[in-house]
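Q: One structure is given below, represented as C-alpha cells, and several questions about it will come after.
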Amino acid sequence: MAPAQSRQKVEGIASPRESSREAIWKELAHVIEHAAHQLPAQGPIPVFIHHNTLHAFEDLPFTEAVEQASRLYGCEPYWTEERYRSELLRGRIRLADLEAVIFEDLGERANEKVVDRCSRLDLRLAMLQHPLRLGTPEELSWYVMETDALREIREEAPDAHRNRLIAETRRWVMRDLRPGASPSRKGAEGEDGPAWRTKMTDLIERFGSSTIEEWSEETWEAFTLQALWQVCLDGVGDLPATPDDSTPLIRHRDWLRWAGAPDADVLVHSVLIPFCAAFLDQGLSSWPLPNREEGFYASFCKLYAQPLGPPVSWRRGLAEELRRHMEERVGPLESIRQSLEDLGVEPAEWDEYLSATLLALRGWAGMLWFLENRPDRAVHPVPPGSLKEYVAVRFILDRWAVRWVAREHHGYGGPLAGLRDQLRATNPSRSVPSIASRAFQVFQLAPILGWTPEQLSRLSRREWHNLVGEIEAFHGVERRRLFHLAYERRFYTQVLDAITCHNRRERSRPSLPRCQALFCIDEREESLRRHVEEVASDVQTFGIAGFFFVPMYYRGWSDAHFVPLCPIVLKPKNWVVEQLQGDEQTQTRLQRKRQVWGRVTHQIHVGSRTFALGAIVSGLLGVSAVVPLIFQTLFPRWAGSIRGLLGRWFLRPPATRLQLERRAPSAGPHEGHIGFDVDEMTEMAERVLRDTGLTAGWARIVVILGHGSTSANNPHKSAYDCGACGGAEGGPNARALAQILNDPRVRERLAGRGLPIPPTTWFVGGMHNTASDTITWFDEEHLPSPIATEFEEIRQLFEQALARNAQERCRRFETASLTITPEEARKHVESRAEDLAQVRTELGHATNAILIVGRRERTRGLFLDRRAFLNSYDPTQDDAEGTILSRILQAALPVCAGINLEYYFSCVDNVGYGCGSKLPHNITSLLGVMDGAASDLRTGLPWQMIEIHEPVRLLCLVETEPAKLLRIIDRQPVLARLVRHGWVQLATLDPRSPALSIYRNGEFRPYIPTKDQLPTAPSSAAWYRGWRDHLEFATIAADLSGG
Amino acid sequence: MSETKIVLSTIGPLVILAPIVFVSSLGIPSLLGRKLGERATGRLSFVTVTTGLIAAVTVLVGMLLDGTRHGVMEFGEWVAIPGYHFHLQIVFDRLSIPFAILTYLLCGVISAFAFRYLHREPGFNRFFVFFAIFMLGMVSASLAGTIETLFVGWELVGLSSVMLVAFFQERPAPVRNALRLWVVYRWSDAALLLAAIVLHHRSGGEFHALLGDRPWPEGHPSVSAAWGGSVALLLIIAAAGKSALLPFSGWLPRAMEGPTPSSAIFYGALSVHLGAFLLLRVSPLLDSLPVFAALLVVWGLATAIHAALMARVQTDVKSALSFASLVQVGLIVAEIGLGFPYLALVHLLGNACFRTLQFLRAPSLLQDFRRLENAMGERLPRPDGPFPQASFGFRLWLYRWALERGYLDALLQTLIVEPFLAGVRTFDSWERRWTAFLSGRTAPTQPTTAAPEIEDIV
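Same order as they appear, the protein sequences are chains U and C.
Taking the working numbering, I'd label the letters of the first sequence as residues 654 to 1696.
Taking the working numbering, I'd label the letters of the second sequence as residues 291 to 748.
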C-alpha cells in the first residue's frame, strides 16, 4: 500500500476538495474489499487446499446461499433437472422420496386443492416427473408447428387420462358445442362469455362440423388438443405479468451485449490476462515484468504509456490517458473515482457495479487478492493494495473498450454516462413470460393430470390466476431444490439404515490384537482399513487426521525448502529436517552430484527455448527424445521403474533419520533450533492417543500410516495428497509420530500421565501411496530384532491388503477389466501413476459423503464403498462435557465439509465452479491453469475428478448423546455455522445401542429405520465384483466370523 | 533393381493406403451415426499406424540395400483434359521417407497417448476422425510427387488442424482462434494453389519437371529465372503461413486451444514444420535462385529472433513452448536458404521429436520445477532478460513489444484485414444500389424480425 498511499496523499494536499475526495476513496476501498470476499479463495495450485467454494456465503442457509450465489456468479445451484430426472428413472431417486420432501417442504399445504381435485402435491409431483418445455414465443411456435404437440397427446400421459380426455371432450362437443346443440349448463356459459364460444365453434368448423359424427379417433385427439390449447390461451390471456427475475444487466458491457454488440470484455481481457499473468508470474517466464515491484497500477501505466504502441483501434488514446495519470499523479483510488464518474455509476450502485466488474475475471482477481493477503504462500508475493490497483486498471480498459464498441457497433458517440440510459430507451423491455409460454405450461400439464378442456373452460379468472401462480411458484430452481433434497434423502436413509442394521449384530473387540494401525481419516483409506481387517481379523485400525497432530515445517534431505505439514488453519511452530546418515564426504558428494544434475537439467530446460542452445539441443539431441517419448507413453510402468533404477544408481537414496529433538529453548528453521522438545513431543503423543482412544490393550506393533499420491503430468497433483497435511504428503508426520512414541523419555512421561505403553510395543511409520497402492516404510533398519521378524509378517499382510484395495479401486476405472485379479490390479494402478497420458491416476475424494466419528467397532465389517471419512473416538473415555469430541469435531468437521462442498460445487457446475476438463489446461505463471491459449485462471476441481461424484452434503454421524453434541455445537461458532445452516447434516449414534438420532431444525429426533436387514457378503471382493457404479452398503461376514 | 521395384510396388502402396483405411473406417461410420467405440478406435489406429510405419521402414531398408535414391509410384491421372492434367503420384526419396517415418512415429505415439488422455471425453470420436484426416494429409504431403498431390495433403492438414483447435466448440475463444488460423491457412493455400497453376502452365505439376530428374536434394531446375522466381516466391509465402513465419506468427500461440496431444503434434511437431518441408522439397529450385535463397535466410533468421524474444516473456507453458519451437523452425528455414538441406532435415526431425515430448510433458511443469529447485537446493535463478546493458526505456519498450507478440496480429488486422473488409463492403454497397436501381426500389429493405403473434401459433 505504501507507494499508492503516498501518491494519494500528495494529491490530497494539492486538491481543494481534500476531505470529500478522501472520504470517497475510503468508501471505494471499503466497497472493493467487501466485493473481494466473493472472489474464489483458491491459492496457488502447487499447494491445493480444499475449501468450501461458497465459503463467503456460509452465514446463509445452504439452499438460500446456493441460489443467491448462482445469481451472482451465473452458475448452477444444483444439477440440471434432466440429470435428476434421469436419476429418478434409474431408481436412484424414488418417488417416495420426492413425496416425502414435498411434504416436508409444504407441510399442511401439500394437500390443498389447486384445481378441482388436484392437490398441490399432485401438481408438484407431475411437474417434477415430466419435463415442462419453456421457451421464447419463437421457439414455442416452432415446437407447436414442427412437432406433434397439437396432434398427439404426450406419451407420458397415463392411458386412463388420455382416453378420458378424448372421451370427455367428445361428449362436451356433442352435447354443448356442436352447432345446434343446447348447452346443458347455463351457468357455465354465462361465465365464459360468447367470445370464447365463438372460437370453439370456429375450431369445430375447421375440423369440418358437417362430418363431426364420422371424425376418426385421430381427429378427435387432434381436436381435443387444439381445444385445450385454445382454452389455455384464453384462460391465461389477461393475467397480470409476473416481475422479471432474470439476472439484471449491470455493467455497460452487459447492456451492449444485450443490445447485440460484441463482448467488450474480449478486448479488455486480451490486454489484462497477459498483464495479470506477467505481474503474478512466479518464475515461468525468463524475463520478469519490469517495474513489478512498484505495484500493479504503476507498472501497468509505465508499460502501456509508452509511445509506438500497436495499431489497435480500440486502444487509441489510452497511452495519453495513462501518461496524464502519471503526470497528474492520479492514484489508483482516484483513478477508480474518475472512471466511475466517466461511466456514470452513482455511489448507490457502486457495490453492485464493482462486484460485477471484479467477477468478470474472477480467477485472476482472486489470485491477486489471495496473494496480497497471504504473502507466505508464494515465492514472489504481490504488494498489498494490488486488487484496488487492478480495479483501477480494469476500469480504464473497460472505458476504452466500451466506448469503442458503442461507437463501432452501436453508432453511439456520446458520453459513457448516458450509454446505459440510451440502450434502455431504444430497446424493448426484457422478456416476461408471454401469454403463449404460460398457456403452454398448463397445456403440457393437463393430459398428465387429467384436466379436460371443459374442466379448464369453467375456471374463473381468479382460479386461472391461482393455477398459473402455483405453476410459476414451482419454477425450475425450486424443482431442482426438491429433486436435490430427495436425492440426498435417499442416500441418508441408506446410510442410517445400514448403520442401524449393522449395529444390531453382536460383535466384540479382538481380545489380543496382533497389530494396531493408525490411518488418516481420509475416505480413500476406508477400503484399505477394511481389507487389512479382512485379511487379518486380529488387526485393529484407528482413524485420525493425517498430520497426526505433529504440525511442522518439514524439509526432506532432497528438498530445497521447508513445507508446512498441517491443516491450513494451523501455523506450525516447529521445524523438522530429514538428515542424511553416513560420513560427511559421501554426503557432500551426493549433494554436489545432485546440484550438477539440477544445473544441467535447468540449463537444458531454459536453453531449449533460446536461439543457439535450442538449436543444439533440438538439432543434436532432438531425435533421441523419441526414446523417452515412446517409453513414457507406451510403457509407462517400465519407464517408471527404469527411471527409478537410474535414480538409485546415480543418486543412491541414503539412509536418513528425522532430526526431531531440539535442545535449544526456542524453535526455528536453523541448525540447533530444529525439532521439538520432549514436553512438546509428549503433548502431541498424548493428544493422538487420547483422541483415538488407543490407551490400553496394546499390540506389539503399532503402524502409523500417512498418505500421499503420485501422478505424472498432473497440475492438480496436490489436490490428491493429504488434506490434513495442507495438500502435501503425510509420510513425514507418520514417521515423526512413530519416532516420538518410540522415545523412552516420551513413554516415561506418558506413563506419568496415566498412559503406560508396554516396552514390548514398537511403532512403525509408513506412507501409503493412494495412487499406486504401495507403502513406503520408514526407519525399518532401527527395528529391534524380535520385532523385525514379526514386522515382516505384518508387512506381508499389508501387501495383501494393498492388492485387494487396488482391486476394489479398479472397479471404478473403465480401462481396467472387471475380472482383474488383485495382483493385476496392483500393476494396473502402478502404471496409472506413471502414465503421462493418464488424467485419472486416481479419483481423489470423489464419492465422499459421510463422516463417522466413533469407535471402529461400530462400523467394522461394514462395506462403506470408500465414501466415509472415519475418525476414531471412544465416547466411553470422554468426559461429560465432551472435551475430546469437541476438539475432534473442531478439526475434522470443517476439513471434511470443505472437501465435500468443494466436490459438490465443482460437480453441480463444473464449468462455473470447477475448472472444466483437464484436456486443454495450460499451466500459467506457476500459479494455476488456464483453458487453452488464454483465459481466466481456472479454480475448483477438474471434470475428471468429479465425474463419478454424487453431490450430496456431508452426513456427519457422531457416536455420542444428542444433548452432549448440541452443547458442543452451541459452544463452537464454526461448527454451529455449518450445522445450523445445513451445510452438513448431523446425526448421532447412541454409544450403547443401535439407536440413531438425526438433526433437524435445531433439535435431534430419533431416526426410524426403514429396513431391518442389511445384505451380507462373505468378503468385500464378493460384494463389489462386477460392479462399476456406486454400491449399496453391506455387512462383510468374514470379519464377523473372525472377530 | 527389380527387387526394389517389387518392394515398391507391393509394400509402397501400404504407406499411403494405411491412413486412407484409417480415415474411411473411422469417418464413414461416424457420418452414418454409428460411431466406433473407444476400444475399436484405439485398435484401428494401432493397426493402421503400425502398418504404415512398417511399410515405410521396409521401403527405406529396401532402397538403402539397393542403393536406389528415387522411387516413383503412379496413381494415374485425377483429371485429364487435352492440354491439362492433374496427376497423382508419390515419390520415395531421401526427403519423403524420413518425413513419412517421422509422421508415423509421432502419430503412433500421439494416438496411444490420446487414447488414454481423451478417455470418456464426449468428443473422443471427433478427435480421432480429425486426427486420422491429419495423418492422411501429412503422409500424402510428405510423399507427394506432384504439386497437386501435395496440395491435397496440405489442405487436409489445414482443415483438420483448424477443427482440432476448435475442438472445445462450446467456448468462444477456441472457435475465434481457430477462425484466425483458418484465415491464415487459406492465405497460404491460395499462394500454394497459385504456385501450382503457374507450375502447370510451365511444365505440368511434377516436381521433377521443375527440379530436374536427379534425386533429391540434387537437381537442375530447367526453368527461367522469372518463372522459377514467381513459383519460389509463392511457395515461400505458402510456407510462411503454414510454418508461422513472420508476419503470420500470431496464430501459433493462439492454436493452443485443443487438447494437449493435438497441440503437441500439430504445433509443436508436424504441421508447423510442413512449410519448411515444402521449402526443402523445392530446395534445388531455391539454390538456383540466389536472391530468393538470401531472402529465405533473412526471413528465417528474423522469425527466429522474433520468436526467441517472444518466448522470453511468455507466462504460460504452451505459448512458451510454441515460440521455442518456432525459433527452431526459423533456423531451419534459414538453413534451407543457406543450402544445407541435410542439416535442415536433421534439425527438423530433431525439433519435431523434442517438442512433442516437451508438449506432452507440459502439465508436469510444476513438478519439474520443484524437482529442479530441490536438486539445486535453491530457488531457480531468475535472469534479468535480454540486453542487460541497454537503456531501461528501450528494454521497457521491448518488453511491451514482446508481451504484445510483436504487434503482428494488430498489424495484420489494420494493414490487411480492415482494408480488405472495407473494400468488400464498398463493393457490396455498390451492388445493392445497382440492384435497387434496376429493380426500381429506393433502398434495400430489412427483413422484419417481429415476434410471432399468438394467432400464428394456433
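Using N, Cα and C, we set each Cβ at its ideal position, and we do this for glycine too.
Please read all numbers here as calculations on a predicted model, not as lab measurements.
(1) Please work out which residues of its chain come closer than 7 Å, Cβ to Cβ, to S401 (chain C), disregarding the five sequence neighbours upstream and downstream, and give them in chain order.
(2) Output, in chain order, the set of chain U residues within a Cβ distance shorter than 9 Å of F389 (chain C).
(3) Listed from N- to C-terminal order along the chain, which residues in the segment 616-638 of chain C have their beta-carbon within a distance smaller than 7 Å of any beta-carbon of chain U?
(4) What does DSSP give as the partner residues of D1584 (chain U) in its beta bridges?
(5) Could you round the C-beta distance between R750 (chain C) and D1584 (chain U) to whole angstroms and report it? I think they count as a contact, below 8 Å.
(6) Counting only beta-carbon atoms, is M1205 (chain U) nearer than 8 Å to chain C?
(7) Could you tell me the boundaries of the alpha helix (DSSP H) in which Y407 (chain C) lies?
(8) Report the neighbours of Q1491 (chain U) on chain C: residues whose CB is nearer than 7 Å to its CB, in chain order.
(9) Tell me whether H1326 (chain U) sits in a helix, a strand or coil according to DSSP, three-state version.
(10) How long is the line joining the alpha carbons of V455 (chain C) and L433 (chain C), rounded to whole angstroms?
(11) Short of 7 Å Cβ to Cβ, which residues in the segment 931-953 of chain U face chain C?
(12) Out of curiosity, what's the CA-to-CA distance linking G843 (chain U) and V1148 (chain U)?
(13) For a cutoff of 8 Å on Cβ pairs, would you count M600 (chain C) as touching chain U?
(14) For Q1638 (chain U) and P714 (chain U), what's the separation of their Cα atoms in angstroms?
(15) Rounded to whole angstroms, what is the Cα-Cα separation between E664 (chain U) and S988 (chain U)?
(16) Does the beta-carbon of S1319 (chain U) have 16 or more other beta-carbons within 10 angstroms, so that it is buried, or is it exposed?
(17) Measure the alpha-carbon distance for W1104 (chain U) versus F876 (chain U) and round it to whole angstroms.
(18) So which of U:L1390, U:G861, U:R1091 has the shortest CA-CA distance to T895 (chain U)?
(19) If the cut is a Cβ gap below 7 Å, which residues of chain U does K325 (chain C) touch?
(20) With 8 Å set as the bound, which would you pick, yes or no: does the beta-carbon of A1365 (chain U) sit closer than that to a beta-carbon of chain C?
(21) Quick one, which of U:L1165, U:A1045, U:T872 has its alpha-carbon nearest E974 (chain U)'s?
(22) For M291 (chain C), count neighbouring C-beta atoms within 10 Å of its own C-beta (all shown protein chains included) and say buried if the count is 16 or more, exposed if not.
(23) Do A1424 (chain U) and S1362 (chain U) come within 8 Å of each other at the CB atom, strictly closer than that value?
(24) Does D1426 (chain U) come out as helix, strand or coil in the three-state DSSP assignment?
(25) Comparing alpha-carbon positions, which option in U:F1431, U:A1126, U:H1360, U:N1575 lies nearest E1231 (chain U)?
(26) Identify, in the order they occur along the chain, each residue of the same chain with its Cβ nearer than 7 Å to the Cβ of P537 (chain C), setting aside the five sequence neighbours on each side.
(27) To be precise: take each residue of the segment 1192-1224 of chain U, compare its Cβ to all Cβ atoms of chain C, and keep it if any distance is under 7 Å. Which residues remain?
(28) Cα-Cα, which of U:S1261, U:A1391, U:N944, U:R1509 is closest to L1194 (chain U)?
(29) Could you check which residue in U:L1504, U:A1499, U:N1458, U:I1505 has the C-alpha nearest to that of T1482 (chain U)?
(30) CB G888 (chain U) to CB L1112 (chain U), shorter than 8 Å?
(31) Quick one: what does DSSP say I1088 (chain U) is sitting in, helix, strand or coil?
(32) With burial defined as no fewer than 16 other Cβ atoms inside 10 Å of the residue's Cβ, what is the status of P653 (chain C): buried or exposed?
(33) Does the distance from the CB of L1450 (chain U) to the CB of A1189 (chain U) come in under 8 Å?
(34) Can you confirm whether G1267 (chain U), when its beta carbon is compared against all beta carbons of chain C, has any partner nearer than 8 Å?
(35) Between the segment 1001-1011 of chain U and the segment 914-921 of chain U, do three or more beta carbon pairs fall short of 8 Å?
(36) Is D606 (chain C) close to chain U, meaning its C-beta is less than 8 Å from at least one C-beta of that chain?
A: Once the coordinates are examined:
(1) As a first step, residue 401 (chain C) must be located in the second sequence, where it is residue number 111. Closer than 7 Å at Cβ, skipping near neighbours: S335, V339, F421.
(2) Position 99 of the second sequence, counted from the first residue, corresponds to residue 389 (chain C). Those do not exist, as F389 (chain C) stays about 13 Å from chain U at its closest Cβ, beyond 9 Å.
(3) V617, Q618, L621, V636, H637
(4) Residue numbering aside, residue 1584 (chain U) sits at position 931 when the first sequence is read from its first letter. According to DSSP, which records beta bridges pairwise, D1584 (chain U) is partnered with U:H1574.
(5) Nothing about residue 750 (chain C) can be reported from this structure: the residues present for chain C run from 291 to 748 only.
(6) Counting from one through the first sequence, the residue named residue 1205 (chain U) turns up at place 552. So no, M1205 (chain U) is outside the interface.
(7) The residue labelled residue 407 (chain C) in the question sits at position 117 within the second sequence. Counting along the chain, the unbroken alpha helix (DSSP H) around Y407 (chain C) starts and ends at 386-407.
(8) Residue 1491 (chain U) sits at position 838 when you count from the first residue of the first sequence. In chain order: R406.
(9) Against the first sequence, residue 1326 (chain U) aligns to sequence position 673. The answer is coil: DSSP assigns H1326 (chain U) none of H, G, I, E or B.
(10) Translated into the one-based positions of the second sequence, residue 455 (chain C) becomes position 165. Translated into the one-based positions of the second sequence, residue 433 (chain C) becomes position 143. Taking the straight line joining both Cα atoms gives about 25 Å.
(11) A931, D934, G936, L937, S938, S939, W940, P941, P943
(12) As a first step, residue 843 (chain U) is located in the first sequence; it is residue number 190 there, counting from the start. As a first step, residue 1148 (chain U) is located in the first sequence; it is residue number 495 there, counting from the start. Confidence in G843 (chain U) is poor, its pLDDT being 45 and thus under 50, which makes the residue's placement too unreliable to answer from.
(13) Walking along the second sequence from the start, residue 600 (chain C) turns up at place 310. For M600 (chain C), the answer is no, since every Cβ of chain U falls outside 8 Å of its Cβ.
(14) Here residue 1638 (chain U) corresponds to residue number 985 of the first sequence, with the count starting at 1. Here residue 714 (chain U) corresponds to residue number 61 of the first sequence, with the count starting at 1. Rounded to the nearest angstrom, the two C-alpha atoms are 12 Å apart.
(15) Here the question's residue 664 (chain U) lines up with position 11 in the first sequence. Here the question's residue 988 (chain U) lines up with position 335 in the first sequence. Summary for E664 (chain U): the model assigns pLDDT 43, below 50, so the residue's position carries little reliability, and this model does not support an answer.
(16) Stepping through the first sequence from its first residue, residue 1319 (chain U) is reached at position 666. Counting the other Cβ atoms within 10 Å of the Cβ of S1319 (chain U) gives fewer than 16, which makes it exposed.
(17) Against the first sequence, residue 1104 (chain U) aligns to sequence position 451. Against the first sequence, residue 876 (chain U) aligns to sequence position 223. Their backbone Cα atoms lie some 15 Å apart in a straight line.
(18) One-based indexing of the first sequence puts residue 895 (chain U) at position 242. For the residues U:L1390, U:G861, U:R1091, the minimum Cα distance to T895 (chain U) belongs to U:R1091.
(19) Taking the first residue of the second sequence as position 1, residue 325 (chain C) is located at position 35. Under a criterion of Cβ atoms nearer than 7 Å, no residue of chain U is adjacent to K325 (chain C); the nearest Cβ is some 17 Å distant.
(20) In the first sequence, counting from the first residue as 1, residue 1365 (chain U) sits at position 712. Taking Cβ atoms only, chain C reaches closer than 8 Å to A1365 (chain U), which makes this a yes.
(21) Sequence index remark: in the first sequence, residue 974 (chain U) carries index 321 (1-based). The option with the nearest alpha carbon to E974 (chain U) is U:A1045.
(22) Numbered from 1 along the second sequence, position 1 holds the residue referred to as residue 291 (chain C). Residue confidence is low: M291 (chain C) scores 48 on pLDDT, short of 50, so the model does not pin down where it sits. Its coordinate-derived value is still stated next. So M291 (chain C) counts as exposed.
(23) The residue labelled residue 1362 (chain U) in the question sits at position 709 within the first sequence. The residue labelled residue 1424 (chain U) in the question sits at position 771 within the first sequence. Yes, the Cβ-Cβ distance between S1362 (chain U) and A1424 (chain U) is below 8 Å.
(24) Translated into positions along the first sequence, residue 1426 (chain U) becomes position 773. Note: D1426 (chain U) maps to coil in three-state DSSP.
(25) Position 578 of the first sequence, counting from 1, holds the residue named residue 1231 (chain U). Of the listed residues, the one whose Cα sits closest to E1231 (chain U) is U:F1431.
(26) Taking the second sequence and counting its residues from 1, one reaches residue 537 (chain C) at position 247. The residues are L698, L701, L702.
(27) Listed in chain order, the positions of the segment 1192-1224 of chain U with a beta carbon within less than 7 Å of a beta carbon of chain C are S1211, D1212, A1213.
(28) Position 541 of the first sequence holds residue 1194 (chain U). Checking the sequence, you will find Thr at residue 1194 (chain U) rather than Leu. T1194 (chain U) has its Cα closest to that of U:R1509, out of U:S1261, U:A1391, U:N944, U:R1509.
(29) As a working note, residue 1482 (chain U) is residue 829 in the first sequence. Thr is not the amino acid found at residue 1482 (chain U); the sequence shown has Val there. V1482 (chain U) has its Cα closest to that of U:N1458, out of U:L1504, U:A1499, U:N1458, U:I1505.
(30) If you number the first sequence from 1, residue 888 (chain U) lands on position 235. If you number the first sequence from 1, residue 1112 (chain U) lands on position 459. In contact: G888 (chain U) and L1112 (chain U) (Cβ atoms closer than 8 Å).
(31) Residue numbering aside, residue 1088 (chain U) sits at position 435 when the first sequence is read from its first letter. Residue state, collapsed to three classes: helix.
(32) Here residue 653 (chain C) refers to the residue found at position 363 of the second sequence. Buried, by the Cβ-count rule.
(33) In the first sequence, the residue the question calls residue 1450 (chain U) occupies position 797. In the first sequence, the residue the question calls residue 1189 (chain U) occupies position 536. Yes. Within cutoff.
(34) In the first sequence, the residue the question calls residue 1267 (chain U) occupies position 614. Cβ-Cβ to chain C under 8 Å: yes for G1267 (chain U).
(35) Of all C-beta pairs linking the segment 1001-1011 of chain U to the segment 914-921 of chain U, fewer than three are shorter than 8 Å, placing the two stretches out of contact.
(36) For the purposes of this step, residue 606 (chain C) is identified with residue 316 of the second sequence, where counting begins at 1. Yes, D606 (chain C) lies at the interface with chain U (some Cβ there is under 8 Å from its Cβ).
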